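Data first, discussion second: the structure below is written as structure tokens.
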Amino acid sequence: MKRLITIRNVEEGGDDTDDALKNLNLNLSSDLEKKNNTTTLPLMRLMGFFLVSFMLFSVLFSLSVVLRDPPSDAVLEASPTITTTVFQQQGVNNISSDSVEKPIDKLIGGLLIDGFDERSCLSRYQTANYHKGLSAKPSSYLISRLRKYEALHKQCGPYTEAYNKTVKELRSGQFSKSSPCKYVVWISFSGLGNRILTLASAFLYALLTDRVLLVDPGVDMVDLFCEPFPEVSWFLPPDFPLKSQFHGFNQKSEQCYGKILKNNSVASSTLPPSFLYLHLVHDYDDEDKLFFCDEQQNFLKKVPWLLIKTDNYFTPSLFLMPSFEQELKDLFPNKETIFHFLGRYLLHPTNNVWGLVVRYYESYLANANERVGIQIRVFDTDPGPFQHVLDQILACTLKENLLPDVNREDDIVSPSETPKSKAVLMTSLNAGYFEKVRDMYWEYPTVTGEVVGIYQPSHEGHQQSEKQIHNQKAWAEMYLLSLSDVLVTSSWSTFGYVAQGLGGLKPWILYKPENRTAPNPPCRRAMSMEPCFHAPPFYDCRAKRGIDTGELVPHVRHCEDMSWGLKLVDRDNFD
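Residues 3 to 577 in the working numbering are what the sequence shown spells out, letter by letter.
This is the structure:
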């Protein structure tokens, strides 16, 4: 108000007021400038403080996020492995569902190598996400021998220069001793379980004798199994000159080595033949069985092409041959891991089969605290189901505490804590056993309060080895069984042998029923995870007389499910 009055008085001064107005304007401007300076400086300082604080907070927050949760690209670049949530097994009846971060070994202990096109065979590197891992560590010598074999296969496999040269010599009946490549040709024969086991045996024999394994595709092998070796196929080309004779090869064939020995034709021969047929089927005779004698191996190693037809897992008898003894000892210090390691190395389901495995596993088995596999094979002419088989299955699984009993008196059993879940995968040609067990756990609560789910992927009615989709389902179910935490298998069944070997599991084996009566005891635990050789020779090559080959060395024993069969065991785990 004082300023306003002064201004009004000046304005009333007339002509004499110009100088006064100038002085007034100067004074007023000076006062305003001083006032603005005293107000603006603290405000600017305050705004600057907030700005610096905000920038510092942003930097600290960004650093904390990066350090706590690095980008996925950085993780993949830093390590070739990925992490997943896994269940740790703590005994048969104590499965911890506590999740832990565990690295996934996609190369399976060094058995596999990098460099394959992952999309062409998804199972090769993805199986490590589902299996618990190898039951033991492969020897460094086995790993080195596999790499050496892969190099040999690359040099000598189908359509390579060396292969073409050797095939040309085979057509002509004359061969050069200088050729670096010799072959063992596996002829597709028998049911799928037998084929899988014999493939592993044939590959081991190729490994021991520095030969290249070539696989007859048969009607469906290409649809079931991926290529196991890099760059060069293991499948025999369709234009192989002897392929048309495969079906007709038998013990009476002129090229059958057993027949040649029977006729003493080897002694009279000056040069080894360009090829020989080895009949190692269950009906083979004494001369055919001489294949397992070192004396005959000395002759066979000169033959460029060996063609094998077999339905036997003949690996145990290779361990009884002195010429292979040290090599096998170096390859497999743990004697019960042969099929476990070779199966995981060789046998990768094709994408079609792997899709069946993954979809079923994720839908029904993945979230259970424990997975129980029950493989049922009934060797009976009638289709079943049979009550004595069902009684045997329940007696075994309840007695061994693999499954909980049910309470038939109370409708509900209230657990004291969150109930554990068990997913039971049953495989059988018949749906009757699955339905009975499923209904039992649906109609009655378990005495432990556990939640039990029963599942069966298929029930084909009878074995249909000639059908592609049947064998794809069978292969998928073998693999699903191998993902179990505990496993129950049927005597004599190669289906079960494959599952236990791939999974590294020592199953409970259901004894073979006699007279349609459930055996007592119903089952027993296997000595090892190795398959059984159903038709081994009982012959001492040195003494040239019969002998019990299940009593010669500590690591070859008679099978639990077939008294005359042979299987490999590890002495440290054998009681």
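Glycine is no exception: its CB is placed at the ideal position from the N, C-alpha and C atoms. Just so it is clear, the structure is predicted and the values come from calculations on it, not from any experiment.
By a beta-carbon distance limit of 8 Å, N314 contacts H536. Their separation comes to about 6 Å. Secondary structure of V415 (DSSP, three-state): coil. DSSP places T450 outside both helix and strand once states are collapsed to three, so it counts as coil.
Per DSSP, the continuous alpha helix (DSSP H) segment holding H155 begins and ends at 142 to 158. Comparing alpha-carbon positions, the option among P524, P523, E562, P406 lying closest to E532 turns out to be E562.
W236 carries a coil assignment under DSSP once its states are collapsed to helix, strand and coil.
Here Q502 is buried, its C-beta having at least 16 other C-beta atoms within 10 Å.
Residues of the same chain with a CB within less than 6 Å of the CB of L405, apart from the 5 flanking positions on each side, are T399 in chain order.
With respect to the C-alpha of F540, the residue from Y363, F293, P275 having the closest C-alpha is F293.
DSSP places Y279 inside the beta strand (DSSP E), whose first and last residues are 277 to 282. Between the alpha carbons of A370 and I198 lies a distance of about 29 Å. In summary, S319 is buried, with 16 or more beta-carbon neighbours lying within 10 Å of its beta-carbon over all protein chains present. If you draw a straight line from the Cα of L226 to the Cα of K475, it comes to about 10 Å. Beta-bridge analysis with DSSP links R213 to no other residue. When the five nearest sequence neighbours on each side are left out, the beta carbons in the same chain lying within less than 7 Å of the beta carbon of A433 are those of Q458, H461, in order along the chain.
Across the structure, E452 and Y366 are spaced so that their CA atoms are roughly 16 Å apart. Judged by DSSP in its simplified three-state form, G506 adopts coil rather than helix or strand. A distance below 7 Å between beta-carbons, with the five flanking residues on each side excluded, links F248 to the following residues of its chain, in chain order: I189, D218. By the criterion of at least three beta-carbon pairs nearer than 8 Å, the segment 299 to 312 is not in contact with the segment 508 to 526. For K291, the CB contacts under 7 Å within the same chain, skipping 5 residues up- and downstream, are P539, Y541 in chain order. Each residue's CA atom was taken as its position, placing L148 and V454 some 42 Å apart. The DSSP-derived three-state label of D542 is strand. Taking W444 as reference, the option from L201, Y165, G193, D407 with the minimal CA-CA separation is D407.
Within the same chain, and ignoring the five residues on either side of L172 in sequence, the residues whose Cβ sits closer than 8 Å to its Cβ are P243, L244, S276, F277, P306, W307. Following the DSSP letters along the chain, one finds R346 inside the alpha helix (DSSP H) bounded by residues 340 to 348. In the DSSP secondary-structure assignment, W188 is bridged to V217, I310. DSSP places M442 within a helical segment (H, G or I) once states are collapsed to three. In the DSSP annotation of this structure, the continuous segment of the beta strand (DSSP E) that includes M428 starts and ends at 423 to 429. From the listed residues R213, K508, F191, the smallest Cα separation to D222 is found for F191. Here the segment 159 to 168 does not lie against the segment 279 to 289, with fewer than 3 beta-carbon pairs under 8 Å apart. Per DSSP, the beta-bridge partners of R373 are A425. Per DSSP, the continuous beta strand (DSSP E) segment holding R559 begins and ends at 558 to 560. Counting other Cβ atoms within 10 Å of its Cβ, V268 stays below 16 and is therefore classed as exposed. Under DSSP, R547 shares a beta bridge with D542. Between L554 and M564, the alpha-carbon positions lie close to 18 Å from each other. For C398, the secondary structure class from DSSP, reduced to helix, strand or coil, is helix.
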